[in-house]
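Here is the structure we will look at, set down as structure tokens.
Protein chains: 4
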Amino acid sequence: MSFDFLPDKPIYQQLIDRITGDLIRGALQPGEKLPSVREYAVEAGVNANTMQRVYKELEGMGITETKRGQGTFVTENAERLGQLREEKKAQLIDDFIRNIEALGFTEEEIAESMTRRRQP
Amino acid sequence: MSFDFLPDKPIYQQLIDRITGDLIRGALQPGEKLPSVREYAVEAGVNANTMQRVYKELEGMGITETKRGQGTFVTENAERLGQLREEKKAQLIDDFIRNIEALGFTEEEIAESMTRRRQP
Amino acid sequence: MSFDFLPDKPIYQQLIDRITGDLIRGALQPGEKLPSVREYAVEAGVNANTMQRVYKELEGMGITETKRGQGTFVTENAERLGQLREEKKAQLIDDFIRNIEALGFTEEEIAESMTRRRQP
Amino acid sequence: MSFDFLPDKPIYQQLIDRITGDLIRGALQPGEKLPSVREYAVEAGVNANTMQRVYKELEGMGITETKRGQGTFVTENAERLGQLREEKKAQLIDDFIRNIEALGFTEEEIAESMTRRRQP
DNA sequence: GTGGTCTAGACCACT
DNA sequence: GTGGTCTAGACCACG
Numbered sequence: 017m018s019f020d021f022l023p024d025k026p027i028y029q030q031l032i033d034r035i036t037g038d039l040i041r042g043a044l045q046p047g048e049k050l051p052s053v054r055e056y057a058v059e060a061g062v063n064a065n066t067m068q069r070v071y072k073e074l075e076g077m078g079i080t081e082t083k084r085g086q087g088t089f090v091t092e093n094a095e096r097l098g099q100l101r102e103e104k105k106a107q108l109i110d111d112f113i114r115n116i117e118a119l120g121f122t123e124e125e126i127a128e129s130m131t132r133r134r135q136p
Numbered sequence: 017m018s019f020d021f022l023p024d025k026p027i028y029q030q031l032i033d034r035i036t037g038d039l040i041r042g043a044l045q046p047g048e049k050l051p052s053v054r055e056y057a058v059e060a061g062v063n064a065n066t067m068q069r070v071y072k073e074l075e076g077m078g079i080t081e082t083k084r085g086q087g088t089f090v091t092e093n094a095e096r097l098g099q100l101r102e103e104k105k106a107q108l109i110d111d112f113i114r115n116i117e118a119l120g121f122t123e124e125e126i127a128e129s130m131t132r133r134r135q136p
Numbered sequence: 017m018s019f020d021f022l023p024d025k026p027i028y029q030q031l032i033d034r035i036t037g038d039l040i041r042g043a044l045q046p047g048e049k050l051p052s053v054r055e056y057a058v059e060a061g062v063n064a065n066t067m068q069r070v071y072k073e074l075e076g077m078g079i080t081e082t083k084r085g086q087g088t089f090v091t092e093n094a095e096r097l098g099q100l101r102e103e104k105k106a107q108l109i110d111d112f113i114r115n116i117e118a119l120g121f122t123e124e125e126i127a128e129s130m131t132r133r134r135q136p
Numbered sequence: 017m018s019f020d021f022l023p024d025k026p027i028y029q030q031l032i033d034r035i036t037g038d039l040i041r042g043a044l045q046p047g048e049k050l051p052s053v054r055e056y057a058v059e060a061g062v063n064a065n066t067m068q069r070v071y072k073e074l075e076g077m078g079i080t081e082t083k084r085g086q087g088t089f090v091t092e093n094a095e096r097l098g099q100l101r102e103e104k105k106a107q108l109i110d111d112f113i114r115n116i117e118a119l120g121f122t123e124e125e126i127a128e129s130m131t132r133r134r135q136p
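Protein chains in written order, with our numbering: chain A, 17 to 136; chain B, 17 to 136; chain C, 17 to 136; chain D, 17 to 136.
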């Protein structure tokens, strides 16, 4: 199994998004052990250094912890995880609305297109 | 007057967005003349090369036309402009939904957050 | 000119410390341009990737900003720089006191040794 | 009882610090018998290999002596213990001062912060 | 076996 | 020329 990556976004960013996504949708649980850097690198079809960077950034965000010589684990700090979820959601919506305005649309017009899209 | 740019997005892209935005919201009319590359570069506070690229891409998109010796004009091709509008809108929504899924949210959850956001 | 590095601390950390030190002691001013990644790498005698990492972390700390295609600059946000200074100072002292206690000394004993050291 | 360890310092180092600390503050007396490697490993909640290394390093420093078949004992060499105490103290202060300089502070500024800290 | 650091070198996007 | 990304491969400390 090797992942598909969009060409216009850094791979390590997409991997971070993927893992935080797994966390948000519950596929990854607090305290759970992540695959080793090398394992995950092979699985994702990227270089180990790239994966290393992903893990480092995740730790920097406070959503994983590494136990020396044992591996990397999802933090058990539930509060941090909930906070992550809200941050991501807010940022997602903010970016969307900023884009709407930058491109000159109105929120109403977009909202209407979206509902129409779901029931074509 | 010099513009503010987000640090994480190419300046030329933000300029393209801005101009297409002006078009979409009607601040820029079909057939209207754009400032010269140099003028606009000064006004926006960017390098002339950057502005040059913006104009080139706009022309590539069929949004503007260059009349030799006279300058750059918004196309009068109304169909093309309407099409542009729809393309942008569709892409905006696509990206949004792709992000929602990549990050592990459901569309319902996001929709609810957005409506709550508008009436706090 | 190439720097000396302690063997027991990551080079990139020592470089970060060095640069923040330059900032704290005023050798580097708000808004000032840093050498390019490649230049500094040569000057310090390290690989460009190592230097790249240093710059990235500095930016993550909010003490530098990069202007696309132009280089990396010390932030002009004086508040952030003052804050950095205090953070570093507090952490320095905290670590020191923690070590004193971990090793079983009393603060008084250490204080006395330090003053004796300065006037031997 | 299992100990807490800082994540950024080797566990075996923290254990060495702890034991030398016990020695310096007198909680451990010359000639006293240490727990067996296994016992101590369990008590501290670490891998037996890690504890093994701790004991080995302590012996290398001349702080402990192994009596075959009987276990590990704190040396009765009082001179060595006094020397240890001074070494640790000197190193502690050296490191502190080196850090102060590396980060661009003056000793005066730090000294003032420290006294202010004790009488807020 | 685990994560972490460093190097060397290539390629890309942006200005 | 600038920063940024990625790969490949080596070496180290830790448990």
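Where a beta carbon is used, it is the ideal one built from N, C-alpha and C, also for glycine.
Which word fits residue 94 (chain A), buried or exposed, when buried means at least 16 other C-beta atoms lie within 10 angstroms of its C-beta? exposed
#### Entry: Inside the segment 24-107 of chain B only - beta strand (DSSP E) runs reaching at least 3 residues
80-83, 87-90
### Query
Under a Cβ-count criterion, where at least 16 other Cβ atoms within 10 Å of its own Cβ denotes burial, should residue 37 (chain A) be classed as buried or exposed?
buried
Notebook entry, point to check: Count the other CB atoms within 10 Å of the CB of residue 43 (chain D); is the residue buried (16 or more) or exposed (fewer)?
Noted result: exposed
If you compare alpha carbons, which of A:46, A:47, A:59, A:92 is closest to residue 31 (chain A)?
A:59
Cβ-based neighbour list, residue 69 (chain C), same chain, cut-off 6 Å, excluding 5 preceding and 5 following:
28
### Bounding residues of the alpha helix (DSSP H) (the contiguous stretch that carries residue 129 (chain A))
123-134
Query raised in the report: Using a beta-carbon distance below 8 Å, is residue 134 (chain C) in contact with chain B?
Result: no
Exercise for the section: Please list the partners that residue 27 (chain D) has in chain A, where partner means a Cβ-to-Cβ separation under 8 Å. Expected result: 84
Residue 83 (chain B) to residue 97 (chain B) span [Cα, whole Å]: 19 Å
Problem - Contact check, residue 49 (chain A) vs residue 78 (chain A), beta carbons under 8 Å - result: no
message: Taking CB distances under 8 Å as the criterion, tell me whether residue 130 (chain C) reaches chain D.
response: yes
By alpha-carbon positions, which one of B:128, B:101, B:134 ends up nearest to residue 129 (chain A)? B:101
Does the beta carbon of residue 38 (chain D) come closer than 8 Å to any beta carbon on chain C? yes
- Query: For a contact meaning CB atoms closer than 8 Å, what does residue 69 (chain A) contact in chain B?
  - Reply: What residue 69 (chain A) touches in chain B: nothing, since even the nearest Cβ is about 18 Å away.
Next item on the list: Reducing DSSP to helix, strand and coil, say where residue 20 (chain B) ends up.
Entry: coil
Exercise. Chain C partners of residue 112 (chain D), CB-CB under 7 Å?
Worked result: 112
query: Mind pulling the chain B residues with CB within less than 9 Å of residue 41 (chain A)?
result: 119, 120, 121, 122
Exercise for the section: Figure out for me which residue from B:106, B:133, B:85 has the closest Cα to the Cα of residue 125 (chain A). Expected result: B:106
Between the C-alpha atoms of residue 81 (chain C) and residue 135 (chain C), what's the straight-line distance to the nearest angstrom? 43 Å
Kindly say whether residue 116 (chain A), judged by its beta-carbon, lies nearer than 8 Å to any beta-carbon of chain B.
yes
**Request:** Tell me whether the beta-carbon of residue 21 (chain C) lies closer than 8 Å to the beta-carbon of residue 112 (chain D).
**Result:** no
| query | Using a beta-carbon distance below 8 Å, is residue 108 (chain A) in contact with chain B? | reply | yes
- Message: For chain C, check one thing: does any of its Cβ atoms lie closer than 8 Å to the Cβ of residue 126 (chain D)?
- Response: yes
Check: Distance, Cα to Cα, residue 103 (chain B) vs residue 23 (chain A)?
Finding: 20 Å
**Item:** Distance CB(residue 90 (chain B))-CB(residue 47 (chain B)) smaller than 8 Å
**Value:** yes
Exercise. Less than 8 Å separating the beta-carbons of residue 133 (chain A) and residue 109 (chain B)?
Worked result: yes
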